[in-house]
Amino acid sequence: MENTEKKLKEAIEALNEGNYQISFDVFKPLAEQGNAKAQFHLGFLYRIGQIVEQDYQQAYHWYLLSAEQGYAVAQYKIGLMHYKGQVVDKNYQKAFKWYSLAAEQGDPKAQFNLGVLYRRAQGVTQDHEKALTWFLAAGEQGYAIAQFTLGGIYENGQGVPQDYQKAFNWYSLAGEQGHIDAQHNLGWMYYHGEGIPQNFQKAFKWYSLAAEQGDLKAQFSLGVMYDNGQGVLQDYQKAFKWIALPAEKGDVRAQFFLGCMYEDGQGVAQDYSKAIKWYTLAAAQGEPMAQSNLGHLYANEQTGKLDYIQAHKWFNITGAKEKEKIERLMSSNQISEAQKLAKEWVNEHKNH
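Taking the numbering used here, the leading residue of the sequence shown gets 36, the next gets one more, and so forth.
See below:
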């Protein structure tokens, strides 16, 4: 037995180092002899397709043999496969059964997923208290997703009294582990002073961490902080850099803000064509200030983009009084054309 454990330990180390052949040569015979740990790891090799051809059926087969012997991680994996419908039919009741067995043994992923089932009433009657119990069990073991979820539960008062301090504590634990959404939320709490003293420096720190990981909301907020000089020295170039990232991914606030920066030449060379481009993208998503700014840009001779028909169109869309002023400078045909364009645009963008 002691020799077997030593072999398994060495094989797992080899697996973690990417030496799949060495690990396979140990796991396969031990798995065939009924060793639960070896069965699980052999299943893992089949799942990732290393040394053997990727085969989810074989992965399930070996996971199940291991799970039936009480190996918690295998029980969790079987539950996950039933939950996702991998190889087997999607079955929340079976997912619940296997998650429960693994959770009772202390597997944090199974504990969290069991909480999710209770929360969503999947395979079991909805029970927010039991969901919270399992989220807490996973969170207290350091499982970051559970910690983030607990933060949201306490922040929003979902089935528990709203408690910003507890929300902050759980977000902090998850954020310190690199959980991107927790980092964003910590930035938001510090920025707005929600449940904790407002602190722009700490807001900047957490937004930076989330932004570096690609969180679009954090990137926008970081850009705004550079633009305003909140918690950091004012730097329009850095503001532009960060705001451009979510704008390019379709964030409407960032698109509008980028349009403003191009219009004003703030952090970037003034460029009315690019201002119009970004305002138009934001306007298409229903941003009224972008729509209004388009009207003003097209109505202003100094921009080099003078176009009364386009200006009238946008003022018409926003219901701005400026529409009446520029009508005095337009022919009846131009006004009719502008009204037609406005109507077409509104019909195309009804969902916004």
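Yeah, the Cβ is synthetic: ideal placement off N, Cα and C, and Gly gets one too.
Here the alpha carbons of Tyr55 and Glu283 stand approximately 41 Å from one another. Cβ atoms of Ala377 and Ile361 stay farther apart than 8 Å, at about 13 Å. Going by beta carbons, Tyr81 and Val87 fall inside the 8 Å limit. The criterion of a C-beta distance shorter than 8 Å is satisfied by Gly114 and Ala145. Cβ-Cβ distances below 6 Å link Ser58 to Ala46, Ala49, Leu50 in the same chain, with the five nearest sequence neighbours on each side left out; the list follows chain order. For Glu103, the closest alpha carbon among the candidates Val122, Lys72, Gln89 is that of Lys72. With a 10 Å radius around the Cβ and a threshold of 16 neighbouring Cβ atoms, Asp124 comes out exposed. Judged by beta-carbon spacing, Leu100 lies beyond the 8 Å limit of Ala130, meaning their Cβ atoms are not closer than that value. Rounded to the nearest whole angstrom, the CA to CA distance from Asp306 to Trp349 is 20 Å.
Burial check for His117: the Cβ neighbour count within 10 Å reaches 16 or more, so the residue is buried. Contact annotation, Gln326 with Ile344: C-beta distance approximately 15 Å; criterion of less than 8 Å not satisfied. For Ser327, the three-state secondary structure derived from DSSP is helix. Close CB contacts of Leu280 within its chain, under the 6 Å cut and outside five residues either way in sequence, are with Gln254 (chain order). Looking at Ala107, Gln74, Gln121, the one whose alpha-carbon comes closest to that of Gln92 is Gln121.
With distances taken between CA atoms, Lys385 lies nearest to Gly321 out of Asn220, Glu229, Gly321.
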